[in-house]
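Respectively, the protein sequence lines represent chains A and B.
Here our numbering = 1-based position in the first sequence + 51.
Here our numbering = 1-based position in the second sequence + 6.
C-beta atoms are modelled at their ideal positions from N, C-alpha and C, and glycine is treated no differently.
Being a predicted model, the structure only gives us computed values, none of them experimental.
Read through the structure below, which is laid out as structure tokens, and then see the notes.
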Amino acid sequence: MTKILKPDNAEQVLDAVKWAVSEATPLEIRGRGTKDGFGRPVQAGRVLDLSNLSGISFYDPGELVMTVGPATPMAEIEQALADANQELQFEPMDLGVLYGNASGAGATGSIGGVIAANLSGPRRVKSGAARDHFLGFQAVSGRGEVFKSGGRVMKNVTGFDLSKLMAGSFGTLAVMTEVTLKVLPRPEKTRTVLLMGTDDTTAVGALCDALGSSHEVAGAAHLPADVAARSGVGYVSGAGSAVTAVRIEGPGPSVEHRCNALRGMFGKLGAVEELHSHNSVAFWREVRDAKPFAGDLADRQVWRISVPPTAGPGVGRRLIDALGGEVFYDWGGGLIWFALDPRADAGAGAVRAAIQDCGGHATLIRAAADVRQTVDVFQPQPEPLAELSKRVKGAFDPEGILNPGRMVAGV
Amino acid sequence: MQMPDPDQGVLDRRADIVAAMRAIVPGEGVIADDAMLKAFECDGLMAYRQLPLVVVLPETTAQVSAILKYCHEHGVKIVPRGAGTGLSGGALPLADAITLGLSKFNRVLEIDYPNRCAVVQPGVTNLGITKAVEGDGFYYAPDPSSQIACSIGGNIAENSGGVHCLKYGLTTNNVLGVEMVLMDGTVLRLGGKHLDSGGYDLLGVLTGSEGLLGVITEVTVRILKKPETARAVLLGFNSSEQGGDCVAAIINAGIIPGGIEMMDKPAIHATEEFVHAGYPLDVEALLIVELDGPQVEVDYLIERVGEIAKGEGAVYSRISENEEERAAFWSGRKNAFPAVGRMSPDYICMDGTIPRNKLALVLQRMNEMSAKYGLRVANVFHAGDGNLHPLIMFDANQPGELDKAEEFGADILKLCVEVGGVLTGEHGVGVEKRDLMGEMFTEDDLKQQQRVKCAFDPNHQLNPGKVYPTLHRCAELGRMHISRGQVPFPDIPRF
Numbered sequence: 052m053t054k055i056l057k058p059d060n061a062e063q064v065l066d067a068v069k070w071a072v073s074e075a076t077p078l079e080i081r082g083r084g085t086k087d088g089f090g091r092p093v094q095a096g097r098v099l100d101l102s103n104l105s106g107i108s109f110y111d112p113g114e115l116v117m118t119v120g121p122a123t124p125m126a127e128i129e130q131a132l133a134d135a136n137q138e139l140q141f142e143p144m145d146l147g148v149l150y151g152n153a154s155g156a157g158a159t160g161s162i163g164g165v166i167a168a169n170l171s172g173p174r175r176v177k178s179g180a181a182r183d184h185f186l187g188f189q190a191v192s193g194r195g196e197v198f199k200s201g202g203r204v205m206k207n208v209t210g211f212d213l214s215k216l217m218a219g220s221f222g223t224l225a226v227m228t229e230v231t232l233k234v235l236p237r238p239e240k241t242r243t244v245l246l247m248g249t250d251d252t253t254a255v256g257a258l259c260d261a262l263g264s265s266h267e268v269a270g271a272a273h274l275p276a277d278v279a280a281r282s283g284v285g286y287v288s289g290a291g292s293a294v295t296a297v298r299i300e301g302p303g304p305s306v307e308h309r310c311n312a313l314r315g316m317f318g319k320l321g322a323v324e325e326l327h328s329h330n331s332v333a334f335w336r337e338v339r340d341a342k343p344f345a346g347d348l349a350d351r352q353v354w355r356i357s358v359p360p361t362a363g364p365g366v367g368r369r370l371i372d373a374l375g376g377e378v379f380y381d382w383g384g385g386l387i388w389f390a391l392d393p394r395a396d397a398g399a400g401a402v403r404a405a406i407q408d409c410g411g412h413a414t415l416i417r418a419a420a421d422v423r424q425t426v427d428v429f430q431p432q433p434e435p436l437a438e439l440s441k442r443v444k445g446a447f448d449p450e451g452i453l454n455p456g457r458m459v460a461g462v
Numbered sequence: 007m008q009m010p011d012p013d014q015g016v017l018d019r020r021a022d023i024v025a026a027m028r029a030i031v032p033g034e035g036v037i038a039d040d041a042m043l044k045a046f047e048c049d050g051l052m053a054y055r056q057l058p059l060v061v062v063l064p065e066t067t068a069q070v071s072a073i074l075k076y077c078h079e080h081g082v083k084i085v086p087r088g089a090g091t092g093l094s095g096g097a098l099p100l101a102d103a104i105t106l107g108l109s110k111f112n113r114v115l116e117i118d119y120p121n122r123c124a125v126v127q128p129g130v131t132n133l134g135i136t137k138a139v140e141g142d143g144f145y146y147a148p149d150p151s152s153q154i155a156c157s158i159g160g161n162i163a164e165n166s167g168g169v170h171c172l173k174y175g176l177t178t179n180n181v182l183g184v185e186m187v188l189m190d191g192t193v194l195r196l197g198g199k200h201l202d203s204g205g206y207d208l209l210g211v212l213t214g215s216e217g218l219l220g221v222i223t224e225v226t227v228r229i230l231k232k233p234e235t236a237r238a239v240l241l242g243f244n245s246s247e248q249g250g251d252c253v254a255a256i257i258n259a260g261i262i263p264g265g266i267e268m269m270d271k272p273a274i275h276a277t278e279e280f281v282h283a284g285y286p287l288d289v290e291a292l293l294i295v296e297l298d299g300p301q302v303e304v305d306y307l308i309e310r311v312g313e314i315a316k317g318e319g320a321v322y323s324r325i326s327e328n329e330e331e332r333a334a335f336w337s338g339r340k341n342a343f344p345a346v347g348r349m350s351p352d353y354i355c356m357d358g359t360i361p362r363n364k365l366a367l368v369l370q371r372m373n374e375m376s377a378k379y380g381l382r383v384a385n386v387f388h389a390g391d392g393n394l395h396p397l398i399m400f401d402a403n404q405p406g407e408l409d410k411a412e413e414f415g416a417d418i419l420k421l422c423v424e425v426g427g428v429l430t431g432e433h434g435v436g437v438e439k440r441d442l443m444g445e446m447f448t449e450d451d452l453k454q455q456q457r458v459k460c461a462f463d464p465n466h467q468l469n470p471g472k473v474y475p476t477l478h479r480c481a482e483l484g485r486m487h488i489s490r491g492q493v494p495f496p497d498i499p500r501f
């Protein structure tokens, strides 16, 4: 028998999981296989390859809803949405950039992987993550039972919101066979206001002011000088200094008005520049995909750290003091991307110590498999919370058939 | 409505339980007097009433933890209660359960403008959060109609929405963290001032769980700066179909209004008579579209919305020219429930959600049902997100009318599911829609949800009899039927 089970439809997924349960053979759940480097390595007897569960089965732009197979390529979804002038507003990052497996022809990976990893992007601060746009699904639990939750409507409190549990569960609870997402119109215009040459603390202060304004900021990032220098956008790489960026989206006259207001706010702190549509799109894609830590820095280990925004600069300083490396900030300071030279422990102790006081969580997003095997990839939880999470896992997958150990060793 | 049989053993131990509660919560925080218990006999779904065993109103997390721990050890059930404004009976007491009221958790603990969040206790009202931050130009976005009275803890339990949620999200999109207590007394923190979490999104499943998973004792919410300005436009149509098409056309043009509401003719007339909002009385459907943002954006978009509406056959159009007019436009819609209340001795409010393009069909079928049952119905509709609130009018003093109204309501909700929608958008299942869950979910769907419940509350002590029509014991739910090596899987070799 082959190592790979490749069902053609939801019924065969059910057969495969039932078989795996009866044989006590754990399954590694895979959509397009582009995020194998995310999470702990899974020890499984078989791979459950969902790549045939692909395609858009329902899309009505007027209803702002799309239903697809879990392995539908992100590139296909983004194209279909673009054709109707819509988008996934949560702007999921393309991990192919960081993992070096991007094909170059559109986004990498599948929608199922995006949901399973609860991905998001710079617009997280305004519009949320995958969890916030995931309306419903059909799945096969680790018990070998078909179930669904949610629906095809925006507003729904009928029964527990299991979609939230599925988002970010890395395939450890159930195998999704169909997913429904909320989609939204693309903004008419996008521009970016840049502030040059400020230190991290001043920059994050400015970003928090911008986010706390009525200007509906849709991206708030800060790139220290070394990081900014690697940008593919000339205005940013050529600045020769740190670059702080705020994205404004919407109808033309409104974007114009709000950019002017932000230029006024930032003008007191340093030189101000503006990126128009083309450069804005390119710049925020780099921020979204953590591109400054790809390419030449592909051998570095990378952490993704979420903290209260104002705590960002202090955490960044502690990380560099303890471990060296580089940081840059998204989410107004609330998201810290940290790259360091490879270590056997990925500096996990120092990383988690750096956020101990302010609260938050740190995820080791890029490291060799042997490192991810021994280091806690996801933030360790206090005992009672870890116990509850274990019971939730047991509620879906009591035999530990689905992606065992992907998130937590032994679970 | 069949509730779980009261446990006679618990009823017999009432005096002991009251004494134990008094030892945990001193003074007036324990209510055992029948006359005073009466104030807690129902929530916003007033057709169902039951005196609780006892009401306890703790003030600290430690007290909540001690109460739950005692109840866990002594087999006593708990019904959590916020402000008691829920419309689906989620806080309906049980004869053998303690009603745990969170009304004394009413303090705003911290306002953190740089991180754009507020930390509050769960009994703070929805509007209370906005009041605490509006002096600095901030607000809390979800705004259910009951926002003056409803508590943020209750909002989390029901995942409340409001009229602005297409643009600004529901409660679940605006809550960052909670402190909660499990049934065994364990105190947990989920989330915080940062975004997302490292493990399973337990905060996400807690939101909308109707008091079945835990008791919330602290809440961190996202706050936003108020938009610079807002303007509303009233648009009248000769059919609800045209109104629905206009909503789709606005969205298809890439415009997501801050609020977009629709009323049918009976609702227009009822509200106009009540508050004199200035609504046109000769239209079949009325849209209120509100744009918010910078003045220049609002002026630009409201003009475009006007043009789109004209193209969709609008026969009436009026743009608010000042704040007073804007408030007047909303006054009718916001008073729709009491306005209907004036027209009829009693009414029940339904809460289905439908795909928006099914609106005309649903309204037409609803009119047929109205004729069949001989009961009037008025409709207000959160048109942006498809959430429909039919208000069924009846007279409870007429024998059989309540039953008829409930049957009518059930038929509407079944219709919502039939056209691809759901039973409840924001009011919750509670007891009201509990027995309709089978219309939408299979037995396996419901069992899987209850297994999640078991992970939090293995003995079904928290709010039993709500949401799920059949209570399965957790041991039974957890059992697996595996026959190793005997299950035929003809498909496997083909993979």
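For residue j and residue i, believed in contact at Cβ under 8 Å, the rounded distance
i                 : j                 : result
Gln352 of chain A : Leu391 of chain A : 6 Å
Ala276 of chain B : Gly249 of chain B : That belief does not hold up - the Cβ atoms of Ala276 of chain B and Gly249 of chain B are roughly 17 Å apart, past 8 Å.
Given residue i as reference, the closest of the options once Cα atoms are compared
i                 : options                                : result
Lys233 of chain A : A:Gln137, A:Gly318, A:Gly151           : A:Gln137
Gly265 of chain B : B:Ile274, B:Ala283, B:Val311           : B:Val311
Glu65 of chain B  : B:Leu106, B:Asp39, B:Tyr76, B:Asp49    : B:Leu106
Ile488 of chain B : A:Gly157, A:Gly193, A:Lys342, A:Val255 : A:Gly193
Glu79 of chain B  : B:Asp463, B:Val321, B:Leu209           : B:Asp463
Ser108 of chain A : A:Pro121, A:Gly400, A:Phe185, A:Asp421 : A:Pro121
Val126 of chain B : B:Gly92, B:Tyr76, B:Ser245, B:Gly183   : B:Gly183
Val346 of chain B : B:Cys77, B:Leu468, B:Met269            : B:Met269
Met117 of chain A : A:His184, A:Val378, A:Leu104, A:Ala373 : A:His184
Arg485 of chain B : B:Gly220, B:Pro475, B:Arg457           : B:Arg457
Residue j beta carbon less than 8 Å from that of residue i
i                 : j                 : result
Arg339 of chain A : Pro124 of chain A : no
Asn132 of chain B : Asp149 of chain B : yes
Lys215 of chain A : Arg175 of chain A : no
Ala389 of chain B : Leu293 of chain B : yes
Glu234 of chain B : Ser305 of chain A : no
Ala103 of chain B : Ile84 of chain B  : yes
Met9 of chain B   : Gly471 of chain B : yes
Ile162 of chain A : Met217 of chain A : no
Arg332 of chain B : Ala238 of chain B : yes
Gly95 of chain B  : Glu309 of chain B : no
Gln432 of chain A : Ser440 of chain A : yes
Ile226 of chain A : Val68 of chain A  : As written in the sequence, residue 226 of chain A is Val, which differs from the Ile given in the question. Closer than 8 Å, so yes.
Cβ neighbour criterion (16 or more within 10 Å) applied to residue i
i                 : result
Arg298 of chain A : buried
His327 of chain A : exposed
Met144 of chain A : buried
Lys316 of chain B : exposed
Three-way DSSP call (helix, strand, coil) for residue i in this model
i                 : result
His282 of chain B : coil
Tyr379 of chain B : helix
Gln153 of chain B : coil
Pro121 of chain A : coil
Thr91 of chain B  : coil
Glu450 of chain A : coil
Val302 of chain B : helix
Pro10 of chain B  : coil
Asn385 of chain B : strand
Arg500 of chain A : Residue 500 of chain A lies beyond the range of chain A shown here (52 to 462); nothing can be said about it.
Glu224 of chain B : strand
Ala320 of chain B : coil
Gln56 of chain B  : coil
Phe495 of chain B : Confidence at Phe495 of chain B is low in this model, with a pLDDT of 48, below 50, so its placement is unreliable and no value can be given for it.
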